[in-house]
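Be aware that the sequence shown starts at 4, since it is given in my numbering, and climbs by one per residue.
Note that beta-carbon positions come from the ideal geometry of N, C-alpha and C, so glycine has one too.
Being a predicted model, the structure only gives us computed values, none of them experimental.
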Amino acid sequence: MEHYRDDVNQIKQGEHVFCLVDNTYTKSRGLPAHGGMWMEIQADTFLKRRPGKEGSERDYLSPESTGAHELGHTEGLDNWLEHTPNMKQEGEKRKFDNKSITPNQIETIYSESEAGHLNRDPPKSEAGNIFTRHKNSASDSGRSCGAI
Ligand SMILES: [Zn+2]
């Protein structure tokens with residue numbers, strides 16, 4: 004795993020970078036670049052107490068399911084607006100740490116990839132702008148990024 008600090012323009016083709024941040028620019032639990040190669044995860048996601056039994060607490064969302072949700076955005080998936088439980092529901096709506104993905108969503112990832120809509124450069128520079136603003140904001144004191 005390679006480490007990056009601030010400069011998402013160092014991201015190489017084929018990598019997906021998870022950045023742990025004190026606060027995302029939008030103050031949400033996670034922040035992706037749609038079809039891009041990076042995502043942010045708010046660090047306090049890792050500090051919340053895990054329930055004894057996975058999926059037993061209504062309002063607990065694990066860092067891994069948050070990461071999977073954001074990775075889904077980079078793979079071209081939108082938030083899930085249907086009322087059935089799904090990992091692509093927005094954080095406030097997703098309950099019991101749901102990690103479900105539908106065959107249709109997997110097909111969407113494949114067709115978005117085939118169409119050349121993923122791993123694009125524009126979201127990378129957009130991310131650079133967000134990161135620059137973020138770096139200059141008083142609320143941001145920490146960031147640690149790693150690529151897979
Ligand atoms: Zn989302």
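Relative to ligand 1, residue 115 has its C-beta separated by 7 Å or more from all heavy atoms. Going by beta carbons, residue 35 and residue 73 fall inside the 8 Å limit. Taking 8 Å as the cut-off, the Cβ atoms of residue 71 and residue 96 do not count as close. Each of 42, 87, 89 was checked against the Cα of residue 27, and the nearest Cα belongs to 42. Of the residues 88, 20, 25, the one whose Cα lies closest to the Cα of residue 58 is 88. Across the set 38, 45, 121, the C-alpha of 45 shows the shortest separation from the C-alpha of residue 94. When C-alpha distances from residue 47 are compared across 76, 30, 118, the shortest belongs to 30. Residue 38 and residue 79 do touch by the CB rule: their CB atoms are close to 5 Å apart, below 8 Å. Residue nearest to residue 61 within the set 114, 99, 40 is 99 (criterion: CA-CA distance). Residue 20 and residue 86 have their C-alpha atoms roughly 30 Å apart. In this structure, residue 92 sits away from residue 107, with a CB-CB distance that is not shorter than 8 Å. For residue 71, the enclosing alpha helix (DSSP H) has its first and last residue at 66-77.
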